[in-house]
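All you need for our numbering is the position in the sequence shown, starting with 1, plus 536.
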Amino acid sequence: MKIGAHVSAAGGVSNAPKNAAALGLECFQFFSRPPQSGRTPELSDDEVRRFRGACDGHGFDECFIHAPYIINLASAERRIRDNSVRLLREELERGSRLGVTGMMTHLGSARDVGQETALQSVAEGLRRILDDYDGPTRLIIENSAGAGMIIGDEFEEISDILDRIGDSRVGVCLDTAHALASGYDLRTPETVAETMERFDRTIGLGRLLVIHTNDSKIELGGHKDLHEHIGLGHIGLAGFRSILANPAFADLCLILETPVDGVADDIKTLKSIRQAVWKGK
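What follows is the structure, given as structure tokens:
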């Protein structure tokens, strides 16, 4: 189990591992391009070497790219779907040049098309992204909080998409705040065990590649996406002790996406919980 966080790559992606090291992280996540833009910044060979050198120098062997927020593989507009496919394929290729473990993405919204059409579009888009792709960076889809018609809030829906794709290279990121907001209880050892057993039955723990470790300002089943500092939200410290103690998470990267003003304290909190729950195991 490694503790990480989303870090800034401002000034060049090679700054991301440096910023991660300054926070005492063991893994990290970053944007390789502006999160609200489709613009593709240049990624020079020199910058790739600097990034890889910084990762090696600071001992990072796992890191992740988060795709831009503008992705919508379920859009009613072909132009938006095609652009989303292009951006995600570019991010996979950039990740492979950088030696990144995985590139995670949200899937989009079914608001304008209905659920079945949206699922078909998402699966088609993901297949197109992976067509003839042979790089090492994994494509990872993230569960959603279920706000509006956002795709991917239920484990069964994610499983359906994976079945439609039919590609074992696609992994899953479980966001704890999104899961709680979608009705999956993560507050006690018993409910964490039940939630992860359900995940295993539907998606399979072999697909689970990374955790977004966030507390939630939103109550269980509230279907909104608002992250909170560890222990200050509706999951609470007892919930995170239960999460970190569950064997499903033992070998995964736990990436914080909590508000930047207190992320250093969140890192210390998670490390302290890990030490306590795994002591003697």
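Glycine included, C-beta positions come from ideal geometry on N, C-alpha and C.
Three-way DSSP call (helix, strand, coil) for residue i in this model
i, result
"S645", "strand"
"G661", "helix"
"L655", "helix"
"M640", "strand"
"K538", "strand"
"V543", "coil"
"S695", "helix"
"E678", "strand"
"L579", "coil"
"V621", "helix"
"E755", "coil"
"L559", "coil"
"I701", "helix"
"I616", "helix"
"E627", "helix"
"H714", "helix"
"H594", "helix"
Residue i versus residue j - alpha carbon distance
i, j, result
"R743", "R810", "23 Å"
"R588", "G635", "7 Å"
"L716", "D582", "42 Å"
"L762", "T712", "11 Å"
"D689", "G548", "33 Å"
"G560", "W814", "19 Å"
"V584", "S568", "11 Å"
"P795", "I766", "10 Å"
"D801", "A541", "12 Å"
"R575", "R633", "18 Å"
"R734", "D618", "33 Å"
"I607", "S620", "5 Å"
"D721", "G772", "12 Å"
"H748", "R614", "30 Å"
"L703", "R663", "It is worth fixing the name first, because residue 703 is Asp in this sequence and not Leu. Their backbone Cα atoms lie some 8 Å apart in a straight line."
"Q565", "C789", "10 Å"
"S680", "I791", "16 Å"
"K753", "V746", "22 Å"
"G593", "S550", "12 Å"
"L780", "K804", "14 Å"
"R777", "I539", "14 Å"
Limits of the beta strand (DSSP E) - the one that residue i falls within
i, result
"H602", "599 to 602"
"Q811", "From DSSP, Q811 is part of no beta strand (DSSP E) but of the alpha helix (DSSP H) over 799 to 814."
"F566", "563 to 566"
"D670", "Neither: D670 is in no beta strand (DSSP E) and is coded neither H nor E."
"V746", "744 to 748"
"D711", "706 to 711"
"I791", "789 to 792"
N- and C-terminal bounds of the alpha helix (DSSP H) containing residue i
i, result
"A774", "772 to 781"
"K728", "Per the sequence shown, the amino acid found at residue 728 is Val instead of Lys. Residues 725 to 738."
Buried/exposed call for residue i, threshold 16 Cβ in 10 Å
i, result
"Y605", "exposed"
"P571", "exposed"
"K554", "buried"
"G631", "buried"
"S645", "buried"
"E693", "buried"
"E627", "buried"
"T731", "buried"
"T653", "exposed"
"A822", "The chain is shown from 537 up to 817; residue 822 falls before or after that span and cannot be answered."
"R705", "exposed"
"D797", "exposed"
"E755", "exposed"
"G661", "buried"
"A610", "buried"
"E678", "buried"
Cβ-heavy atom distance, residue i to the ligand ATP, below 7 Å
i, result
"N782", "This structure lacks the ligand ATP; in fact it carries no ligand of any kind."
Neighbour flag for residue i against chain C, beta carbons, 8 Å
i, result
"A557", "The displayed structure is made up of one protein chain only, and chain C is not part of it."
Inter-stretch contact at 8 Å, needing at least 3 Cβ pairs: the stretch 636 to 643 / the stretch 580 to 600: yes
Touch test, the stretch 680 to 689 against the stretch 751 to 761, Cβ-Cβ under 8 Å, three pairs minimum: yes
At least 3 beta-carbon pairs within less than 8 Å: the stretch 665 to 684 vs the stretch 724 to 731: no
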